[in-house]
Amino acid sequence: MKYLFTIVFLLVTKTLYAQEYMAAGRFDVRPSWEDATVYIPGKIFPTNTKAIELTAQTDVVVFMHGCTGIKGDEVAWAKFLNDLGYLVVLPNSLAIKGRVVNCSPSSFTTTNGSMSPADLFMIRAREFRYSFDQLRKNPSVGKIFLAGFSEGAATVHFYRGKGLFAGLISISSFCRGPVSAPRDAPILTIDYEQDPYFPTKYLCEEKYGSHDSFTKVILDGGGHEAARNKKAEQAVKEFLSKN
Numbered sequence: 008m009k010y011l012f013t014i015v016f017l018l019v020t021k022t023l024y025a026q027e028y029m030a031a032g033r034f035d036v037r038p039s040w041e042d043a044t045v046y047i048p049g050k051i052f053p054t055n056t057k058a059i060e061l062t063a064q065t066d067v068v069v070f071m072h073g074c075t076g077i078k079g080d081e082v083a084w085a086k087f088l089n090d091l092g093y094l095v096v097l098p099n100s101l102a103i104k105g106r107v108v109n110c111s112p113s114s115f116t117t118t119n120g121s122m123s124p125a126d127l128f129m130i131r132a133r134e135f136r137y138s139f140d141q142l143r144k145n146p147s148v149g150k151i152f153l154a155g156f157s158e159g160a161a162t163v164h165f166y167r168g169k170g171l172f173a174g175l176i177s178i179s180s181f182c183r184g185p186v187s188a189p190r191d192a193p194i195l196t197i198d199y200e201q202d203p204y205f206p207t208k209y210l211c212e213e214k215y216g217s218h219d220s221f222t223k224v225i226l227d228g229g230g231h232e233a234a235r236n237k238k239a240e241q242a243v244k245e246f247l248s249k250n
């Protein structure tokens with residue numbers, strides 16, 4: 008009877024744990040971690056979360072991809088961060104069953120109506136929280152930063168925790184959506200003077216200006232992808248080193 012109770016308890020616990028990562032009632036975000044792309048310091052080629060092996064205390068950047076998935080800009084940022092000595096984890100949102108692309112890059116449309124914003128950002132916020140929880144199981148993981156590009160950057164602003172991430176980095180979002188990050192969370196925002204996706208711009212200072220540690224960087228000219236931009240790279244490097 009004792010063993011039967013133990014088995015039932017474990018099954019119930021496992022079920023409740025799984026439900027914690029069901030976003031919007033029907034999207035299980037665990038595949039975003041299971042199919043994540045991982046860059047390990049000292050390794051040439053990317054790998055997956057099962058292959059994470061650390062021999063020393065290592066800081067981590069969880070990098071949220073843009074609306075079309077893990078593409079050139081995300082990979083470039085991951086390699087840059089990896090070269091700085093960070094373990095980089097890019098959760099794959101599009102690995103989630105039922106998750107569809109919700110933008111039209113050819114027309115600079117940030118949402119095409121395939122998913123409601125409520126569903127989309129609930130899913131994406133659960134992604135980074137699940138990644139955080141998995142990483143914290145590894146005793147060699149040090150500080151964990153949360154970063155994102157475009158749709159992934161908009162997701163960063165949905166962070167509601169307290170003391171989980173050591174800092175937040177938003178690249179190309181102009182803070183257009185809601186902001187829920189706590190006042191004491193260090194945040195860096197990077198945007199171009201002109202971004203074809205965001206006619207309404209310069210909202211970050213309005214939303215984060217009263218926060219304890221807020222850094223705004225505006226890149227010269229127009230654009231959206233900021234990887235390999237020296238000013239952006241330097242800002243990210245300095246932000247990570249001081250937090």
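To get my numbering, take the position in the sequence shown, counting from 1, and add 7. Every residue, glycine too, gets a C-beta built ideally from N, C-alpha and C.
Relative to the alpha-carbon of residue i, which residue among the options has its alpha-carbon at the smallest distance?
i, options, result
"Gly155", "Gln241, Ala63, Glu245 and Val82", "Val82"
"Gly105", "Asp219, His218, Arg37 and Pro193", "Arg37"
"Val138", "Gly76, Glu200, Leu88 and Met71", "What sits at residue 138 in the sequence shown is Ser, not Val. The shortest C-alpha separation from Ser138 is found at Met71."
"Gly184", "Leu175, His164, Glu200 and Gln201", "His164"
"Phe246", "Glu41, Phe152, Ile103 and Arg131", "Phe152"
"Ile130", "Ile77, Ser179 and Ser39", "Ser39"
"Ala173", "Cys211, Asn145, Ala188 and Gly76", "Ala188"
"Lys86", "His218, Thr75 and Val69", "Val69"
"Phe34", "Ile51, Arg133, Gly149 and Pro206", "Arg133"
"Asp80", "Arg190, Ala160 and Leu210", "Ala160"
"Gln141", "Val224, Ser248 and Val67", "Val67"
"Glu41", "Ile103, Ile51, Leu88 and Ile77", "Ile103"
"Cys211", "Arg136, Val45, Glu158 and Ser179", "Ser179"
"Leu101", "Pro124, Ile77, Ser177 and Asp90", "Ile77"
"Pro112", "Glu158, Asn145, Arg136 and Asp90", "Glu158"
"Phe181", "Leu88, Arg136, Lys249 and Ile225", "Ile225"
"Pro124", "Lys169, Arg136 and Val107", "Val107"
In terms of DSSP beta bridges, what is residue i paired with?
i, result
"Ala154", "Phe70 and Ile176"
"Gln241", "Partner(s): none; Gln241 has no beta bridge."
"Leu226", "Tyr199"
"Thr54", "Val45"
"Ile130", "Looking at the DSSP assignment, Ile130 forms no beta bridge with any residue, so it has no partner."
"Phe221", "Ile194"
"Gly76", "Gly73"
"Val107", "None, per the DSSP bridge assignment."
"Val148", "Thr65"
Which two residues bound the contiguous alpha helix (DSSP H) that contains residue i?
i, result
"Tyr215", "Cys211 to Tyr215"
"Leu88", "Gly79 to Asp90"
"Arg190", "Segment: none, Arg190 is in no alpha helix (DSSP H) and carries neither H nor E."
So the beta strand (DSSP E) residue i belongs to, where does it begin and stop?
i, result
"Leu97", "Leu94 to Leu97"
Would you grab the beta carbon distance between residue i and residue j for me? Rounded to a whole angstrom, and I think it's under 8 Å.
i, j, result
"Ser147", "Ala63", "7 Å"
"Pro48", "Thr65", "6 Å"
"Phe128", "Thr75", "Their Cβ separation, rounded to whole angstroms, is 17 Å, which puts Phe128 and Thr75 out of contact at 8 Å."
"Tyr215", "Val186", "7 Å"
"Ser177", "Ile194", "7 Å"
"Lys223", "Thr196", "5 Å"
"Thr44", "Asn99", "7 Å"
- Counting pairs of beta carbons, one from the region 56 to 68 and one from the region 93 to 110, are three or more of them closer than 8 Å? yes
- Pair every Cβ in the region 228 to 241 with every Cβ in the region 189 to 204, then say whether three or more of these pairs are closer than 8 Å. yes
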